[in-house]
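**Q**
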Amino acid sequence: VVSARPPAPVALAAALAIAIGTACRPPDDVPRIRAGVRATPRDGGTLRLAFNQGLATLDPSVANDDVSAAILAPLYDTLLAFEPMDPDRPDAPGAGLRLVPQLAERWEVSADGLRYRFVLRADATYRDGTPIVAADLRFALERALRRPDSPFAAFLADLVGADAVIAGAAPTCAGLATPDPRTLELTLARPNPALPQILTMKFATPIRADAPPDQTGDAPLTSGPFEVARWDHGVAITLRRNPHYRDAGRAHLDQLVLLEQVPRDTAFLMFLRGELEACAPLTAPDLQWLLAQPAWRPQLRRGHGMNAFGARMNVRVPPFDDRRVRQALNLAIDKDHLRRVLGGDATIAHGILPPGLLGRDDALAPYPHDPARARALLGAAGYPRGLDLTFATFTDDEAERVAASMVADLAVVGVRVRIETMAMAPWQEAIRLPDGPPFSIATWTEDYPDPTSFLDVRFHGRAISAEGSSNDSFFADPALDDLLDRARGELDVDRRVALYHQAERLLFDAAPWIWGYHRDQVEVVQPTVRGYAPHPVWGRDFTTAWLDPAEDAP
Amino acid sequence: VTRFPTPGPGHVRRGRVLGRVVRRLAGALVVAWLVISVTFAMLAAIPADPARAIVGPRASAETLARARAAYCLDRDLATRYGCFVARIARGDLGESFREGRPVATILGERAWPTAQLLLAALALQLGLGIPLGVFAARRDRATGSAGSAMSAWPARLADLGLLLAQSAPAFLVGTLAIYLVAYRLGWLPTSGYGTPGWDRLRHLVLPALTQAAAGIAFYAGLVRAGVREAIGADFVRTARAKGLSARAATWRHALPVALGPVIALAGLDLGAMLSGTVLVEAVFAWPGLGREVMMAVLSLDLPVILGAVLLGALAVTVGNLVADLARAALDPRVRE
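As structure tokens, this is what we get:
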């Protein structure tokens, strides 16, 4: 054997090269991009973002994921919209959830809640300057009802004649009328106070009947403050300001460049190098690092999220068919620790309705962390020696951290859990089946901010089916169904809220989920980015943002 | 300089090469047919409703019925098989249910970025691996196989480097490369595809190096062993005896023989490289087939997965054919 002398010269040279390379660069504990000091919005500039998923489609009748939500927001206007965020007061109760007219000039509802009448603004146009007429709105709604791959048909099911269009038996919907080019009337078979919220969804954006049957083209006829300049599938989509837009105050940027499918780690390095104006979602280590840098900490932007996280149980499968077991698991979880795992940006949940949403009972306290009571309840349920369970989760940095934290807490009360990690899509499919994994991580984000988009979808007996349940706890309680049905059609807001408070208490006790937390949105932006906070409904909506670079500061 | 054994007259050689091409093409067709059949068997073996798997979880009953008819799923197994082969022969790979666009269009868009990445990686692997291997072999020759302590440590270090390069996963090498070269030193872009021309080339360097890292080490080792063996062979000794320098004998006589296995393996390696693009393209946000497949797998977009498997298998078959012909052109013994 030849004696192994240390490979001194080469190793030294390599170490030196790395040291010089790293030392020559300025450290990034301060932003590389410097900002101006303007007080009022400035027009111009390009804002660059990266998404770690790809953009599947620009077709508003089928687009239904986080990425398209953020990209469609500046492209398509709707009759009504949610107010833009006030970046100075992102924490105000209900911020971003107030309805404001957008394409509508005014709107009224009949006293019985069955007839809605919208009058379009006279200056509402598409990006090519042609006027938007009521028939285009009617066409879009019927398209969402008719298209077999539209996930939105169910949201319009209360319209008179909607069932016939969904079934393919009628070409037009009897509940939609356009008495003149600027008026759209909707007639419902039963009251639905959430209809205005539903009409903010992008499937309700006007589509001209003579538009190509397939709006998935790369340059759709849009109506919002921005339009598509170019889309290289899988690489990036570039939006530019719509020159015909009626409200110049809603679009300050020249361009928005949205990169597709950039891994989180890469996106964060790009952001630090100044190649992106904003970066989200942040991994826990990156967020911790930013919080520790005095120059970066003020660059974090926070906003509420209309979501709920926790763990769901199939209440028809032992041991989860025993309410005491479900309550014991709720008591076993240390939610303060969960919050710390998430960097503090979360509200502990007592149910599925997030803070700021109508119907949430803010007086209801979450389950306390009480391992002793949890053990006693498990003993009473016939498991004095604890339990062995399997917990299904999906591959995601945060989901895996949360799962690990919960499993550690459950071990303290004698519940031994094996974690089974799946890819997101198969996981989503599996838990919807009656014989799928009975115990798993749970996530939910609303389709529109109303309790029906949380409670009816996740806990109503109607939402259970053998082929795939959106009520994946398979929780069916006639008392809850009755409360939800009454609340759904209740026009008096106070009475409606009271009904939802009752529903929340019933679900709190029944505990079909381990109620976890509501996740805030956290994003880091360069100092030049002004007028932005994550929107509770649209997420990363930079429509009203503006840039304040230093070089041409006044 | 005469090579051994002496090649036959030109027309005989051309006839042999042509016959070889025809035989190999026929073989490639058989492989394509096998791949299509295995894909069909996979589709038939899925325990869930294949129509549901094709159109996605949110599709309505009508869409489901349409897919059933299009794939002849309501018929017996033999008819279904015929249908399946006929559709593929027409180039109809179905529609991605995530994007709602034809799979052939998507794969067409993604093929060119991956081809650029693979060609650049192959060029780096051979362009760096072969000279490195030759130099290592000549050094081995000069110092004897055991070597003195003085000359042993660079060789050992090189061995260690080769081992590390071969065993480090692409996501680690890629992430380190991005951190050091792109982020810290700022020499190259962090990720992305860039615009055609110089910018594209700058974007290509790090992904291609990451993709090639293991291959450079592998081919250097292969060439080193081959050249070391060939240098001792009779025909190299004869060349030396006829007055050729050691350097010329190595490069002109020993290397071509050692290259045979390198080229054969490069053809075979195409499959491994294609699967390697899944990680490399994901790390560098390179819009190629690998990243598309990963996205399709994560969202259960079966038509895209099937199409990519078919395309990959065909690419490997063609790659092998090319490698086989190149090898025949280089080494007279293979031609015989």
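The listed protein sequences correspond, in order, to chains L and P.
Residue numbers for the first sequence follow our numbering, so the first one is 1 and each next one is one higher.
Residue numbers for the second sequence follow our numbering, so the first one is 1001 and each next one is one higher.
Just so you know, even glycine gets a beta-carbon here, dropped at the ideal spot from N, CA and C.
Note down the Cα distance separating residue 150 of chain L from residue 176 of chain L, rounded to an integer number of angstroms.
**A** Within the first sequence, residue 150 of chain L is the residue found at index 150, counting from 1. Within the first sequence, residue 176 of chain L is the residue found at index 176, counting from 1. The alpha-carbon atoms of residue 150 of chain L and residue 176 of chain L are separated by roughly 19 Å.
**Q** Can you tell me the Cβ-Cβ gap for residue 451 of chain L and residue 353 of chain L, rounded? I've got them flagged as a contact below 8 Å.
**A** Taking the first sequence and counting its residues from 1, the one referred to as residue 451 of chain L is at position 451. Taking the first sequence and counting its residues from 1, the one referred to as residue 353 of chain L is at position 353. Confirmed, about 6 Å.
**Q** Do three or more CB pairs link the stretch 491-503 of chain L to the stretch 431-450 of chain L at distances below 8 Å?
**A** They do not touch, by the three-pair rule.
**Q** Please state whether the Cβ-Cβ distance between residue 1280 of chain P and residue 1190 of chain P is less than 8 Å.
**A** Stepping through the second sequence from its first residue, residue 1280 of chain P is reached at position 280. Stepping through the second sequence from its first residue, residue 1190 of chain P is reached at position 190. Their beta carbons are not under 8 Å apart, which means residue 1280 of chain P does not touch residue 1190 of chain P by this criterion.
**Q** Can you name the residues of chain L whose CB is closer than 9 Å to the CB of residue 1207 of chain P?
**A** In the second sequence, counting from the first residue as 1, residue 1207 of chain P sits at position 207. Result: empty, since nearest Cβ-Cβ is about 12 Å, beyond 9 Å.
**Q** Find the residues of chain L that neighbour residue 1109 of chain P, judging by a C-beta separation of less than 8 Å, and give them in chain order.
**A** Residue mapping note: residue 1109 of chain P aligns to position 109 of the second sequence, counting from 1. Result: 233, 234.
**Q** In chain P, which residues lie with their C-beta within 8 Å of the C-beta of residue 270 of chain L?
**A** Against the first sequence, residue 270 of chain L aligns to sequence position 270. Within 8 Å Cβ-Cβ: 1190, 1191.
**Q** Who pairs with residue 232 of chain L in a beta bridge, going by DSSP?
**A** One-based indexing of the first sequence puts residue 232 of chain L at position 232. BP columns for residue 232 of chain L point to L:236.
**Q** Measure from the alpha carbon of residue 202 of chain L to the alpha carbon of each residue in L:367, L:373, L:70, L:96, then state which is nearest.
**A** The residue given as residue 202 of chain L occupies position 202 in the first sequence. Comparing Cα-Cα distances from residue 202 of chain L to each of L:367, L:373, L:70, L:96, the minimum goes to L:70.
**Q** Mind checking residue 1315 of chain P: buried by the 16 CB within 10 Å criterion, or exposed?
**A** For the purposes of this step, residue 1315 of chain P is taken as the residue at position 315 of the second sequence. Buried, because 16 or more other Cβ atoms sit within 10 Å of the Cβ of residue 1315 of chain P.
**Q** Roughly how many angstroms lie between the CA atoms of residue 46 of chain L and residue 1307 of chain P, to the nearest whole one?
**A** Start at 1 with the first residue of the first sequence, and residue 46 of chain L comes out as number 46. Start at 1 with the first residue of the second sequence, and residue 1307 of chain P comes out as number 307. Roughly 37 Å separates the two Cα atoms.
**Q** Between the stretch 1284-1300 of chain P and chain L, which residues of the former have a C-beta closer than 8 Å to a C-beta of the latter?
**A** Residues passing the 8 Å Cβ filter: 1284, 1285, 1287, 1291, 1292, 1295, 1297, 1298, 1299, 1300.
**Q** DSSP three-state label for residue 1183 of chain P, please.
**A** Position 183 of the second sequence, counting from 1, holds the residue named residue 1183 of chain P. Residue 1183 of chain P falls in the helix class under three-state DSSP.
**Q** Which residue or residues does DSSP assign as beta-bridge partners of residue 422 of chain L?
**A** For this step, residue 422 of chain L is matched to residue 422 along the first sequence. Its beta-bridge partners are L:394.
**Q** Within 10 Å of its beta-carbon, does residue 1091 of chain P have 16 or more other beta-carbons around it, so buried, or fewer, so exposed?
**A** Translated into positions along the second sequence, residue 1091 of chain P becomes position 91. So residue 1091 of chain P ends up on the exposed side.
**Q** Within 10 Å of its beta-carbon, does residue 102 of chain L have 16 or more other beta-carbons around it, so buried, or fewer, so exposed?
**A** The count along the first sequence starts at 1 and reaches residue 102 of chain L at position 102. Residue 102 of chain L should be labelled buried.
**Q** Considering Cα atoms alone, identify which of L:200, L:137, L:274, L:86 is closest to residue 183 of chain L.
**A** Locating residue 183 of chain L in the first sequence gives position 183, counting from the first residue. For residue 183 of chain L, the nearest C-alpha among the options comes from L:137.
**Q** Could you name the residues that DSSP lists as bridge partners for residue 302 of chain L?
**A** Here residue 302 of chain L is taken as the residue at index 302 of the first sequence, counted from 1. DSSP output for residue 302 of chain L lists L:522 as bridge partner(s).
**Q** According to the neighbour-count rule (16 or more other Cβ atoms, all chains shown, within 10 Å of its Cβ), is residue 1234 of chain P buried or exposed?
**A** Looking up residue 1234 of chain P in the second sequence gives position 234. Flag for residue 1234 of chain P reads exposed.
**Q** Would residue 1217 of chain P count as contacting chain L if we go by Cβ distances under 8 Å?
**A** Against the second sequence, residue 1217 of chain P aligns to sequence position 217. So no, residue 1217 of chain P is outside the interface.
**Q** Which residue spans inside the stretch 247-274 of chain L form an unbroken alpha helix (DSSP H) run of at least 4?
**A** Complete alpha helix (DSSP H) runs here, min 4: 264-272.
**Q** So which residues on chain P does residue 273 of chain L lean against when the C-beta distance must stay under 9 Å?
**A** Residue mapping note: residue 273 of chain L aligns to position 273 of the first sequence, counting from 1. Within 9 Å Cβ-Cβ: 1182, 1183, 1186, 1190.
**Q** Please name the residue, chosen from L:533, L:112, L:237, that lies closest to residue 54 of chain L on a Cα-to-Cα basis.
**A** Position 54 of the first sequence, counting from 1, holds the residue named residue 54 of chain L. For residue 54 of chain L, the nearest C-alpha among the options comes from L:237.
**Q** With which residues is residue 535 of chain L paired in a DSSP beta bridge?
**A** Residue 535 of chain L sits at position 535 when you count from the first residue of the first sequence. According to DSSP, which records beta bridges pairwise, residue 535 of chain L is partnered with L:539.
**Q** With 8 Å as the limit, tell me which residues of the stretch 161-177 of chain L have their beta carbon closer than that to any beta carbon of chain P; keep them in chain order.
**A** Listed by position along the chain: 168.
**Q** Reducing DSSP to helix, strand and coil, say where residue 1007 of chain P ends up.
**A** Your numbering for residue 1007 of chain P matches position 7 in the second sequence. With a pLDDT of 43 at residue 1007 of chain P, under the threshold of 50, the modelled position of this residue cannot be trusted; read the value that follows with caution. Residue state, collapsed to three classes: coil.
**Q** Can you list the alpha helix (DSSP H) stretches of 4 or more residues lying completely in the stretch 330-383 of chain L, in chain order?
**A** If we require 4 residues or more, the alpha helix (DSSP H) runs fully inside the stretch 330-383 of chain L come out as 335-341, 371-380.
**Q** Would you call residue 1198 of chain P buried or exposed, if buried means 16 or more other Cβ atoms sit within 10 Å of its Cβ?
**A** For the purposes of this step, residue 1198 of chain P is taken as the residue at position 198 of the second sequence. Exposed is the call here.
**Q** What does residue 1098 of chain P reach in chain L if we use C-beta pairs closer than 7 Å?
**A** Taking the second sequence and counting its residues from 1, the one referred to as residue 1098 of chain P is at position 98. Per Cβ cutoff of 7 Å: 56.
**Q** Considering residue 310 of chain L, what are the terminal residues of the beta strand (DSSP E) in which it resides?
**A** Sequence index remark: in the first sequence, residue 310 of chain L carries index 310 (1-based). Counting along the chain, the beta strand (DSSP E) containing residue 310 of chain L begins and ends at 307-313.
**Q** Would you call the CB atoms of residue 484 of chain L and residue 503 of chain L closer than 8 Å?
**A** As a first step, residue 484 of chain L is located in the first sequence; it is residue number 484 there, counting from the start. As a first step, residue 503 of chain L is located in the first sequence; it is residue number 503 there, counting from the start. Their beta carbons are under 8 Å apart, which means residue 484 of chain L touches residue 503 of chain L by this criterion.
**Q** By the criterion of Cβ-Cβ separation under 8 Å, what are the contact partners of residue 262 of chain L in chain P?
**A** For the purposes of this step, residue 262 of chain L is taken as residue 262 along the first sequence, with counting starting at 1. Chain P residues near residue 262 of chain L: 1191, 1192, 1285.
**Q** So residue 425 of chain L contacts chain P; which residues on that side make the cut at Cβ distance below 7 Å?
**A** Numbered from 1 along the first sequence, position 425 holds the residue referred to as residue 425 of chain L. The answer, in chain order, is 1298, 1299, 1300.
**Q** Could you check if residue 1292 of chain P is buried or exposed, using at least 16 other CB atoms within 10 Å of its CB as the buried criterion?
**A** As a working mapping, residue 1292 of chain P is identified with position 292 in the second sequence. With 16 or more other Cβ atoms within 10 Å, it is buried.
**Q** Determine which residues share a DSSP beta bridge with residue 388 of chain L and list them.
**A** Residue 388 of chain L sits at position 388 when you count from the first residue of the first sequence. In DSSP, residue 388 of chain L forms a bridge with L:416.
**Q** In chain order, what residues of the same chain have a beta carbon less than 7 Å from the beta carbon of residue 1162 of chain P, not counting five sequence neighbours either side?
**A** In the second sequence, counting from the first residue as 1, residue 1162 of chain P sits at position 162. Closer than 7 Å at the Cβ level, and outside the excluded window around residue 1162 of chain P, lie 1217, 1220, 1221.
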